[in-house]
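Student: If you scroll down you'll find the structure; I have some questions about it.
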């Protein structure tokens with residue numbers, strides 16, 4: 001006889017089935033909305049609503065019972081401090097299942113499992129980066145330059161007519177003559193005088 005055997009097997013044994021349902025419940029409490037198969041969503045829905053009911057009670061015994069299921073201290077503290085207080089005005093119906101269609105491949109029925117009371121998300125504008133700041137500064141400076149008329153400085157006529165002289169080449173530069181002592185000049189003159197006399201001699205007439 002099949003007494004007290006409620007729920008579907010999900011193609012798993014008891015230990016794997018408990019682990020699967022527990023992981024889906026943890027993901028639902030963290031993400032507030034997940035996509036899974038319809039059969040798994042129906043099984044996890046029961047556990048999620050049971051955990052939220054424990055969180056609404058808020059006793060130490062309930063915290064220990066929730067930790068025995070979730071095995072996560074941070075998630076249990078968030079469940080009792082943030083998630084459960086949002087459902088204080090609700091007697092039941094903490095989750096909803098939204099059909100999504102069939103999955104490609106095995107044609108399994110998909111569905112969204114989500115909390116009916118979600119946390120409000122504050123969306124802030126992205127911070128301006130250094131590159132965008134530079135672009136804004138450049139655009140502002142360009143606008144100021146175009147708005148103010150540009151005044152050109154008067155050009156002097158002398159600067160227009162002035163022609164730069166080319167630099168002097170090495171050939172044009174004359175080196176200063178070295179000072180030769182008088183005694184050396186006399187010696188050179190005495191040497192060349194004898195040679196000049198030889199060449200200046202007249203040949204004898206025949």
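Numbering (this note's numbering), first residue to last: 1 to 206. By construction, the Cβ of each residue, glycine as well, lies at the ideal position given by its N, Cα and C atoms.
#1: Is it buried or exposed for residue 206, if we count other Cβ within 10 angstroms and need 16 for buried?
#2: Give the single residue among 134, 136, 186 and 115 whose Cα lies nearest to the Cα of residue 49.
#3: Taking all protein chains shown into account, do 16 or more other C-beta atoms lie within 10 angstroms of the C-beta of residue 11, making it buried, or fewer, making it exposed?
#4: Are residue 9 and residue 22 close, meaning C-beta to C-beta below 9 Å?
#5: Along the chain, where does the beta strand (DSSP E) containing residue 112 start, and where does it finish?
#6: Is the segment 97 to 106 touching the segment 25 to 41, taking contact as three or more C-beta pairs under 8 Å?
#7: Over what stretch of residues does the beta strand (DSSP E) that includes residue 37 continue unbroken?
#8: Can you tell me whether residue 55 is buried or exposed, with buried defined as 16 or more other CB within 10 angstroms of its CB?
#9: DSSP puts residue 85 in a beta bridge; with which residues?
#10: Can you give me the start and stop residues for the beta strand (DSSP E) that residue 96 sits inside?
#11: What does a CB cutoff of less than 7 Å around residue 4 pick up in its chain, not counting 5 residues either side in sequence?
#12: My understanding is that residue 60 touches residue 29, with C-beta atoms under 8 Å, so please give their C-beta distance in whole angstroms.
#13: Does the distance from the CB of residue 33 to the CB of residue 112 come in under 9 Å?
#14: Are residue 119 and residue 86 closer than 9 Å when you measure CB to CB?
#15: Going straight from the alpha carbon of residue 107 to that of residue 94, what length do you get?
#16: With respect to the alpha helix (DSSP H) encompassing residue 208, which residues constitute its N-terminal and C-terminal limits?
Tutor: From the atom records:
#1: Reading the chain shown from its first residue, position 206 is the one you call residue 206. Per-residue confidence for residue 206 stands at a pLDDT of 47, beneath the threshold of 50, marking its modelled position as unreliable; no derived number is given.
#2: Your numbering for residue 49 matches position 49 in the chain shown. For residue 49, the nearest C-alpha among the options comes from 115.
#3: Locating residue 11 in the chain shown gives position 11, where the first residue counts as 1. Per the 10 Å Cβ criterion, exposed.
#4: On the chain shown, position 9 is the one that residue 9 refers to. On the chain shown, position 22 is the one that residue 22 refers to. No, the Cβ-Cβ distance between residue 9 and residue 22 is not below 9 Å.
#5: For the purposes of this step, residue 112 is taken as residue 112 along the chain shown, with counting starting at 1. Secondary structure note for residue 112: its beta strand (DSSP E) is the uninterrupted segment 109 to 115.
#6: With the cut-off at 8 Å, the segment 97 to 106 and the segment 25 to 41 touch.
#7: Numbered from its first residue, the chain shown carries residue 37 at position 37. Residues 33 to 37.
#8: Position 55 of the chain shown, counted from the start, is the residue given in the question as residue 55. When all chains shown are included, residue 55 counts as buried.
#9: Here residue 85 refers to the residue found at position 85 of the chain shown. Residue 85 pairs with nothing; no bridge assigned.
#10: Here residue 96 refers to the residue found at position 96 of the chain shown. Its beta strand (DSSP E) spans residues 95 to 102.
#11: Within the chain shown, residue 4 is the residue found at index 4, counting from 1. Nothing listed; no residue qualifies.
#12: Position 60 of the chain shown, counted from the start, is the residue given in the question as residue 60. Position 29 of the chain shown, counted from the start, is the residue given in the question as residue 29. Rounded, the Cβ-Cβ distance is 20 Å, inconsistent with contact.
#13: Looking up residue 33 in the chain shown gives position 33. Looking up residue 112 in the chain shown gives position 112. Using a Cβ distance threshold of 9 Å, residue 33 and residue 112 count as a contacting pair.
#14: Translated into the one-based positions of the chain shown, residue 119 becomes position 119. Translated into the one-based positions of the chain shown, residue 86 becomes position 86. If you check the CB distance, residue 119 and residue 86 come in under 9 Å.
#15: Here residue 107 is taken as the residue at index 107 of the chain shown, counted from 1. Here residue 94 is taken as the residue at index 94 of the chain shown, counted from 1. Annotation: residue 107 to residue 94 spans about 28 Å, alpha carbon to alpha carbon.
#16: Since the first residue shown for the chain is 1 and the last is 206, residue 208 is missing from the structure and cannot be characterised.
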